[in-house]
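In order, the protein sequence lines correspond to chains A and B.
According to my numbering, the first sequence is numbered sequentially starting from 182.
According to my numbering, the second sequence is numbered sequentially starting from 23.
For reference, the structure discussed in these notes is given below.
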Amino acid sequence: EPEVTQTPSHQVTQMGQEVILRCVPISNHLYFYWYRQILGQKVEFLVSFYNNEISEKSEIFDDQFSVERPDGSNFTLKIRSTKLEDSAMYFCSSGGLGYTFGSGTRLTVV
Amino acid sequence: GQQVMQIPQYQHVQEGEDFTTYCNSSTTLSNIQWYKQRPGGHPVFLIQLVKSGEVKKQKRLTFQFGEAKKNSSLHITATQTTDVGTYFCAGPSNTGNQFYFGTGTSLTVIP
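As structure tokens, then:
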């Protein structure tokens with residue numbers, strides 16, 4: 182069964198550093214999403230991406246965040262100048278007839 | 023802004039008992055999705071409901087979309103330990119490009 186692949190599975194970074202989270206969506210899906218989930222809380226939408234551009238972003242997705250699809254397969258989330266409160270699981274999802282989530286990247290900012 | 027609430031937040035049941043989680047949106051939804059997240063895992067898409075009053079079944083799971091398309095429910099018959107996890111509903115924004123997840127119901131099944 183097709184999968185959404187996310188790397189790394191766990192990232193520890195110093196506060197103020199930049200991180201790039203990577204995702205390989207399912208190849209024939211057209212819609213891509215990033216979500217985050219703070220431990221024990223609900224899943225929060227960050228951004229959706231379609232046709233190589235952002236289609237919608239949430240209030241969380243401020244100038245600190247950016248997304249790219251650099252090579253037609255990878256889908257990246259960049260977080261600049263990380264803060265302690267950015268510590269969370271970050272999930273990538275892609276959509277076709279259904280929506281498939283990757284296994285996530287656990288980001289820990291210290 | 024748009025909100026999606028779920029009740030209960032937690033539910034403990036004996037194995038074999040039934041379980042229901044309810045999802046309520048502050049706005050009318052074009053569709054609603056349900057996900058299951060096992061402890062330490064990622065959300066797994068279960069189903070999408072589109073039509074008013076729609077009822078869909080997946081084995082022991084029954085999903086319902088309200089007539090007004092503002093609420094939904096998931097009912098599990100005769101729970102098993104494999105049903106353990108958090109069940110989330112999610113509804114789209116008016117544009118359909120953003121999804122609002124519910125607060126989730128964490129199910130514990132006691133053997």
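All C-beta atoms in this analysis are idealised placements derived from N, C-alpha and C, irrespective of residue type, glycine included.
The three-state secondary structure of residue 237 of chain A, taken from DSSP, is strand.
Here the alpha carbons of residue 85 of chain B and residue 221 of chain A stand approximately 24 angstroms from one another. For residue 289 of chain A, no chain B residue has a C-beta closer than 8 angstroms to its own C-beta; the minimum C-beta separation is roughly 15 angstroms. Taking all protein chains in view, the Cβ of residue 208 of chain A is surrounded by fewer than 16 other Cβ atoms within 10 Å, so the residue is classified as exposed. Taking 7 angstroms as the upper bound on Cβ-Cβ separation, chain B lies near residues 272, 279, 280, 281, 282, 283, 284 and 285 of the segment 267-286 of chain A. If you compare the alpha carbons of B:80, B:54 and B:131 with that of residue 101 of chain B, the shortest gap goes to B:131. Taking the beta carbon of residue 122 of chain B as reference, the chain A residues within 8 angstroms of it are 226, listed in sequence order. Interface criterion met: the Cβ of residue 119 of chain B is under 8 angstroms from a Cβ in chain A. Counting every other CB atom within 10 Å of its CB across the protein chains shown gives residue 260 of chain A a total of 16 or more, marking it as buried. In the DSSP assignment, residue 50 of chain B falls outside any beta strand (DSSP E), carrying neither H nor E. Ranking B:63, B:94, B:38 and B:40 by CA distance to the CA of residue 75 of chain B puts B:94 first.
Residues are counted here when their Cβ sits less than 9 angstroms from a Cβ of chain A; for the segment 44-67 of chain B these are 55, 57, 59, 63, 64, 65, 66 and 67, given in chain order. Ranked by Cα distance from residue 245 of chain A, the options A:236, A:232, A:196 and A:286 are led by A:196.
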